[in-house]
Each structure stands twice: as C-alpha cells, then as structure tokens.
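Protein chains in written order, with this note's numbering: chain A, 15 to 472; chain B, 15 to 472. Cβ coordinates follow ideal geometry from the N, Cα and C atoms, glycine included. Bear in mind that the values here come from a model prediction, so they are computed numbers and not experimental data. What follows is a single structure, written as structure tokens, with notes after it.
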C-alpha cells in the first residue's frame, strides 16, 4: 500500500506539479486532504460547544478552545484581543399561532430576530397585513397598518444563481422591517425566513431599530418558509385572521469578549501583515457549523498547512477569529482600530464566511493590478477546479481594514445549500462535508502562499 | 455571514441576456429554477418507488411511472423498448462478524456485491488475509490464500480532487477481487466500500466472475469503511482472527424489462437524433436518488424545458431512460443495437450519471472540431458558474453509440459528496438539493439547445 501510494503520488506530481509554485500547491492540497485538522476542530466547536452568540458561555468556551488549539500549532504568538460585545438573549422558546375563528388556531414555527425586543408577557395578538417590501408600507399608510402585525413575505429570488445575491435583495425586510413598520403604528413584525427551500425552520438574523425611540420599538420574529406560505394562503381566504406571538428576548448590557489571534512572524518583511479569518460567534439556534465555524477552522488550518508543508512565510501571517460578526461587528471594528492605532501595515486580508462548501474561487476587493496578479495564478488552480477570480465582496470582518493598498478577498464556495441552514437550527456539523471543508482550507492557504511569496502590488 | 454589509455586495454575476442564445439560456435556467418538475419526479421515484434493481417490481413501477409522466409532457412519441435483463436478488439480510477468540465476536456491516453467489446456508468462516490490490494476490500465492477469506482494503485516494478518479483506481478490487482470489483457493472475499468517508454504510456494486467455472465461484461482500478500519487494526493485533459471513443472494433467469423513451421530432432534420439520458435502474439498498434517479429526471426535464421555453428543435431530441446500467448495461447495449439495425443517425448523446450535485460542466468524447465548438460556448455558461469543458468520459449507457461522428458528453457535477452515498442505503432523496438538481437539468438543456441549433461538426 505504501508503495502504491508513493507511485500514485509520483504520477500526480509529474502531471500537475512542475514549477515550485505548482509543487507547493500540491503539497498544500495533499496535506489538507490527508492530514487535515479542520474537520476535527469543527466537530468540537459544533458538537461540544454549539451555538456561540456573542456574550454567551459558549462564545467564551470557543475563545478558550481555539486559543488552546492555536497554541498547540507552534505559532510564534497567540493572544486574545479584548472587545466589548452586545449581549442579546433569546429567553424562553417563542410561540406563535394564527386564529381563523375564535378558538380555531394553528401553530407556526417562529423565532425572535436578533436584537428584537420582547412582546408583552401575554404576547401580541392582532390582524395581519401581508406586504412584500418596505416601500409597500408607505403606500398602505398608518390607516391600514396601525394596530396590525406586518407580515413581510418577499421570497428570495430562485433565479439568482449566486444565492447571496438573492439574500441581499431580500434581507432589508429583516433588518429594517420593524423600524419601518413602527413608523405607521404597527404592533409587531414577522418576516419570511431568508431560505430558498420550503421547510419548517425559522431563520433568525440581525435586525436594527435605527433611531426608533425605545418606547416605540415593536417585536420582530422570523417565520419558516412553510409557515409563510401557509399564512399567505390562509390570509387570501380569510383576511381577518388574527396572528399571535410571544417572545421574551432581551438586550442586556455589553459584556467583555475577545478576538482570538495567532501569527507566524514573517522572515523577510515581518512588518507586512496578512490576515486570514472567519467569525467565531454564531447565532444560537444551531451549532454555527457552516456559519461560521467552517471559516474559523479553515483559517486556523491555513497557518497549520503552511507550517506542515515546510513553507516559511516572508510576511507575517495572522489568523484572526473575529467575535460578534452577527450582531454588532465589534470584533472586526476593534481589530481594525487597533491596527490603525499601532500603525500596523496590513497588506492582505482573506475571509471565509460563506460556508465550508466546495470552493469555487475568490472575490477580490483590491486594485486592478492585484486582481491581474491573481488572474495570473488561475492556471495553477485549475487542477483543483478553482475557477472564480472576480471583483467583489470580501467579508464583513475584514472590510474595516480597507484602504487603497490592501488586497481584501473572500472565499467563494458553492452557495446552493448555504441558505438551507443559515441562521437556523439546521446549521449543524452533519451539514458539513469533510472534503469540501478541506478543499476550502487548501484553496485559502494556496492564495495566502502566493500573495506572501510575490507580495501585494503597491 | 450577515446582512447589513451585504448591501455593499458587489454583484459580479450579472446575467446580461443580449444575444438570442444568451436569452434562450436565461429562459431555460429561469424555468428550471422557478417551474421545475425534476425534484417532484425524483421525490416520487425515490420515496414512492425506491431502489429499482433490474428485474424488480420497483424497476417495473419506475418504467410505468416515467412513461406516464413523459406522456403528460406532450412529446411527439413515447414508447417502451423491450430488453431482457439479468435478475439478481439479495435475499435475506447479510450478516458478518469477526471472532478474536472462540465466542468473542464483533458484528460488522456488510452487503453482498451485486452478482455474487450466496455463501453456504451456514455461512463461510475462515481466517483473513488483508491485501491492497489484485497484484498482491500473486505474490502471496495459493499457499497463503487457500481456504482463506481475502480482505481487499485499498482505500480511495483522498488526494484526487475528482472523486471518480479515486473510484476508478480502486474499483478493480470489487469487480474482479472474487474471480482473482478464487484462482488461489480463497473461500470468500470482502471488499472495503468505495467511500471516501469513514462511516457504517456498506456500498454494493457490480462484480464479475469472468470465466471462473460455476463450481469455483466464491461469495463476495462489501464492508463499511469503519468496518474495514476496525478489521485492519484488529488483524494487526491478532492475525489469527476468524471472519464469518452469510448471504443468500441469487442469480436468477433473465427477465423482460424496458428502456423508456420519449422524443420531440425535429422540425428541420428529423433524421438526426440527439439523445439525453440517465439510467432508471438502481441498486436496491437505498432509493437510487443520486444514482441515477437524478440523471433520469434531469433528462426528462431537458425536453420539458425546451418545450416550456418555446424552443422548437431542428433535430429529433430523444430522452432515453436506460434499464440495467448497474449490473449488465443491457439497456444501453440494446438501444445502440436497435439504432444500428434501423440505420438511425445519432449525432449527439449526453448522459447524466454522476449525481444531481451542482453542475460544473461537461466532459466530451468527440472530435476536436466539436470540442472547439463547445469551447466557443463557454462564455455563455459563465453566468451559471459552468466552467468545465474538457475531453473525457461520457456515460456507460451512451458509450455503445460511439462512432467517429457522434458527440458524446457527460454532465460533470461537483463530485465531493457522491461516494458518500453511492450504491449504499444512504442514497436517498434527502441527499439531493433541489436547486443543484435543477441547475444540472438547465445546464444539460442549454447544451442540447446549442448542439441542436448549430449542429454537430461532421
């Protein structure tokens, strides 16, 4: 078996790995697929820790676990960067039903949106008004909305090939629905889950009241896609149905937390810093496996793979596990602030926060010269079926680092299944495929290697 | 990944529909993603019919169901093509254990390989010899193998990015292991499942005794990957363990069955036939959802999408659901024989038999001129993240049609998860993602449209 494996290895080397760069990429992919640690780490984070909402015990456990694991990798330095984070708690399980006539009720799966206020202890019960966007509120006006619960039911557009595009075209209902509906005297908001599939999982996510005075804030919840369909059909048959929901979530005082950081110091240009990261916090309903446990373990794996393959970086490579991406972005903001205060020179940052699915490539937020440089490497990625190198969004946590010189990049995995699980109880370890996760880590490590070796075009 | 920052998402995949071809592709993808039927069909085939081994009641039900569904599409002609198929039945559930000392036994999940003979009614019990390939048998020789059970334990190579490559480097153990081991007097064969993941599912699949006389045929079973690992470790500690297994499978007489065929007659060149297909039979352990229910419903969907989008084909487009790919290829062989006998001119054939995962492109078995023509269309597929257009394998069922003129093509979906489910009880409907399935159907329909419109270069 050993001989055969060696033979296969040599054959593959002959086929794919001719230049030193091609050889290094092959070493990285081979190590990721045969000696990877990312999947084991994610198993622990998902199954032993679970959902890691900012300020929770689980988030703190994840800080401690990942710090300890980074320390075991023999990096040059591992530390915690303190950051104050908002603390929102869900409270007792939410409850909702609609009533077609007195006593005739049908339960519907809901969950409070992150940041929402509670309902009164007895819940909210009112007639429903179904709308499909924020602009529709204005046309209805206070007369039709006062005292009502607004039901936002614009679905994600299945025609979008890249599902994040469908998400970004829909998510204003969730983020701003309550603030806008409150202006017209609505008493509550329920929002169709950001999910392309019809199922029974409500999907939570951040919402904001903007400058709505505290006394005017109304509770907001997500409803499953099946629930939304049922409710919409029922409303067409009987516009007078009442909807009732109860939730006991709370916004508490900010609490201390941490970004977890580890680095390999550069051997030639230690002052030039390259960041690779994901966010360690997650929503509370699932295990935060795809969002974004996957990105965290892939980022840790990048440094491990570079060490494992014997590559000594010229520049300082830093893994950052950001806290509080989901409901505050305090970790990303803090990291950029401190980098600026210390006058650190960040030349590159890569985030993985689109799930641990089969990687397709990267989107780059950088100068044309650096994009051209990346395009020059495309051929090397072809054996790994990596083909997407386009301008685009990088990642929420690294965006605060943006300036004219830096290369920001986002890993782009296959997006078809992501919103099936995103922010829901369905975001669990079993949704992650080991090889897909490992291929993502190897793809990230390869890009980091190339930008480290050749530098960022200034 | 969250929300507010996504307002900054730079949309890189703009689907500009400018040329008539680009417009037609957009119509096809939109229809597949918003009005698709493939997922509903697959639900029925998987959950209402289930595993469809050639000659089974389920296979016949699938013939009737798909014929009926094709008839509802308003095709020009739908018919059944009779073909005799082998009938192998699994019998009562298999059973296996290893014994470290008398009475100390550990059960291990196994399943008979398709085509295998039964063990004697009391089972086979013998010492084990672990090997990693067929060539190793020769070096061991009769002395070390006579009276033993041979345990083939060469794993799939995780370093292969395309998992089908790892499969084809391993599968000789399954197909020929028993015939080879019998030459040296072995009394049974167990083979590590063709699965890149460590889990408890045994994966069946076809095996052949070649010209081994009937009296010398020995039973062959697959063992789960976890079982194989456990057995291998145990053998290292205690080479004298005994392995016992019992199976009651049988090869019966051939029985009649059918290929299911439907066509839209060409408006300009009706004599030129283009085939799109998958195989309707499956293994019996799961539901045959990914292998190859997915390919069947995608192929039916191709014709439906062409009609739905108002496209009138110049050539005759034929969907063929082949019977008996898994253990005989009688359907594919029969179809090609009749085509030849009738002097039909087949110019193109496309098969989907690699799962209904996110499509990445096609492999082509055709002339350089036709590959060049396909390359010329690559740009049109970019908005749909279809990037792979290479020479390669098409599909088992359409290969008998091969000649110098025909274009043979195989859909190439993402392959990372395929062998997790392939030929096992795990190949069920819930493993299929609706959008991934639909994108595959649309990608196939787009290629068929282009080859119909522009013709095959002769």
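Check, Outcome
"Assumed close pair residue 97/B, residue 273/B - CB separation to whole angstroms, cut-off 8 Å", "6 Å"
"Proximity test, Cβ basis, 8 Å: residue 172/A and chain B", "yes"
"Segments of 3+ residues assigned as beta strand (DSSP E) that fall wholly inside the region 207-245 of chain B", "234-237"
"Cβ of residue 22/B within 8 Å of any chain A Cβ", "Reliability fails at residue 22/B, whose pLDDT of 41 lies under 50, so the model's placement of it is uncertain and the value that follows must be treated cautiously. So yes, residue 22/B belongs to the interface."
"Residue from 162/A, 287/A and 280/A with nearest C-alpha to residue 201/A", "162/A"
"As assigned by DSSP and simplified to three states, the class of residue 115/B", "strand"
"Beta carbon proximity, residue 457/A to chain B, threshold 8 Å", "no"
"Simplified DSSP assignment, three categories, for residue 445/A", "helix"
"Members of the region 431-458 of chain A near chain B, C-beta cut-off 9 Å", "431, 432, 434, 436, 437, 447, 448, 449, 450, 452 and 453"
"Limits of the unbroken beta strand (DSSP E) element including residue 434/A", "Run containing residue 434/A: none in the beta strand (DSSP E); it sits in the alpha helix (DSSP H), 432-435."
"Burial state of residue 93/B, where buried means 16 or more other Cβ atoms lie within 10 Å", "exposed"
"Test item: CB-CB of residue 239/B and residue 430/B under 8 Å", "no"
"Proximity of residue 289/B and residue 360/B at Cβ, strictly below 8 Å", "yes"
"Exposure of residue 370/A, with buried meaning 16 or more beta-carbon neighbours within 10 Å", "buried"
"First and last residue of the uninterrupted alpha helix (DSSP H) at residue 347/B", "344-355"
"Cut-off 6 Å between Cβ atoms - residues of its own chain near residue 105/A, not counting five sequence neighbours on either side", "262 and 263"
"Interfacial residues, the region 394-417 of chain B to chain A, with Cβ spacing under 8 Å", "397, 398, 399, 401 and 402"
"Beta-carbon neighbours of residue 44/B, restricted to chain A and to distances below 7 Å", "173"
"Identity of the residue in 448/A, 375/A and 400/A nearest residue 308/A by Cα", "448/A"
"Where the region 204-226 of chain B meets chain A: residues whose CB sits under 8 Å from a CB there", "210 and 211"
"Same chain only: Cβ atoms within 8 Å of residue 243/A, ignoring 5 sequence neighbours per side", "212"
"Cβ shell of residue 347/A (< 6 Å), same chain only, five flanking positions each side left out", "414"
"Proximal residues, the region 372-395 of chain B versus chain A, C-beta separation under 9 Å", "372 and 374"
"Any chain B beta carbon closer than 8 Å to residue 428/A", "yes"
"Residue 81/A versus 388/A, 464/A and 336/A, residue with shortest Cα-Cα distance", "336/A"
"Beta-carbon proximity check, residue 249/A vs residue 159/A, cutoff 8 Å", "no"
"Minimum Cβ-Cβ distance from residue 48/A to chain B less than 8 Å", "yes"
"Coarse secondary structure for residue 185/A, derived from DSSP in three states", "coil"
"Span separating the alpha-carbon of residue 457/B from that of residue 428/B", "13 Å"
"Meets three-Cβ-pair contact criterion under 8 Å: the region 218-225 of chain A and the region 187-202 of chain A", "yes"
"Residue 331/B, DSSP secondary structure in three states", "strand"
"Residue from 166/B, 450/B, 468/B and 472/B whose Cα sits closest to the Cα of residue 172/A", "450/B"
"Enclosing beta strand (DSSP E) for residue 289/A [first to last residue]", "283-293"
"Host alpha helix (DSSP H) of residue 44/A (start-end)", "34-49"
"Buried or exposed (CB count within 10 angstroms, at least 16 for buried), residue 452/B", "buried"
"Residue 241/A and residue 400/A closer than 8 Å at C-beta", "no"
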